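*Asks:*
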Amino acid sequence: MTMRSVLLVEDDFFDTMTVEKSFEKFSVPHKLHTAFNGLEALDLLLGTNGVEPIRPLPEVILLDLNMPKMNGHEFLAELRTHEELRDIPVFVTTTSEMDIDRLNTQALGVQGYIVKPLDFENTRDLVDSMSLLETLLK
Numbered sequence: 007m008t009m010r011s012v013l014l015v016e017d018d019f020f021d022t023m024t025v026e027k028s029f030e031k032f033s034v035p036h037k038l039h040t041a042f043n044g045l046e047a048l049d050l051l052l053g054t055n056g057v058e059p060i061r062p063l064p065e066v067i068l069l070d071l072n073m074p075k076m077n078g079h080e081f082l083a084e085l086r087t088h089e090e091l092r093d094i095p096v097f098v099t100t101t102s103e104m105d106i107d108r109l110n111t112q113a114l115g116v117q118g119y120i121v122k123p124l125d126f127e128n129t130r131d132l133v134d135s136m137s138l139l140e141t142l143l144k
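Counting from 7, one number per residue, gives the positions in the sequence shown under our numbering.
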């Protein structure tokens, strides 16, 4: 299997560890890059503010919505303004089940919307997670 480059934009350490453990559990070969808010993520993608850019660009972005400094909505809107970044698939991972958040992120072209916390003992969450991992492998 090919190693996949993934950018996780998440301010919660526990959620970051959950993603890492999930990739390991399902044997997804990956290089995980982590940003704790939208500003850090943009720095990693664009190589701004003295940050070494991720190259090649990540194949997918996992994006939390509720973060300090620059939230997921703001990040997604900014991401879509950059020609070299706008086609990176983005999956939202959030605690928000509000329809307005789903609609706003769908309007900005997200590929998926996953409500946290994921419970990998729950069959539905396991199937949803496997679908996400299959998408990453394509």
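Just so it is clear, CB atoms sit at the ideal spot from N, CA and C, and this is done for glycine as well.
If you're wondering where the values come from, they're calculated on a predicted model, not measured in any experiment.
1) According to DSSP, which residues form a beta bridge with G118?
2) Can you tell which of M104, A41, I94, D18 has the C-alpha that lies nearest to the C-alpha of G115?
3) Measuring CA to CA, which of M9, D18, D17 is closest to E30?
4) Determine, using beta-carbon pairs with one atom in the stretch 43-52 and one in the stretch 21-35, whether at least three such pairs fall under 8 Å.
5) Residues in its own chain within less than 6 Å of G118 by CB, not counting five upstream and five downstream?
6) Indicate the three-state DSSP secondary structure (helix, strand or coil) for T40 in the structure shown.
*Replies:* Taking the structure as given:
1) Residue mapping note: residue 118 aligns to position 112 of the sequence shown, counting from 1. F97, per the DSSP bridge assignment.
2) Here residue 115 refers to the residue found at position 109 when the sequence shown is read from its first residue. Of M104, A41, I94, D18, the residue nearest in Cα terms is I94.
3) For the purposes of this step, residue 30 is taken as residue 24 along the sequence shown, with counting starting at 1. When only C-alpha atoms are compared, the closest one is M9.
4) no
5) The residue labelled residue 118 in the question sits at position 112 within the sequence shown. Only F97 meet the Cβ criterion.
6) To locate residue 40, count along the sequence shown from 1; it is residue 34. Reduced to three states, the DSSP call for T40 is strand.
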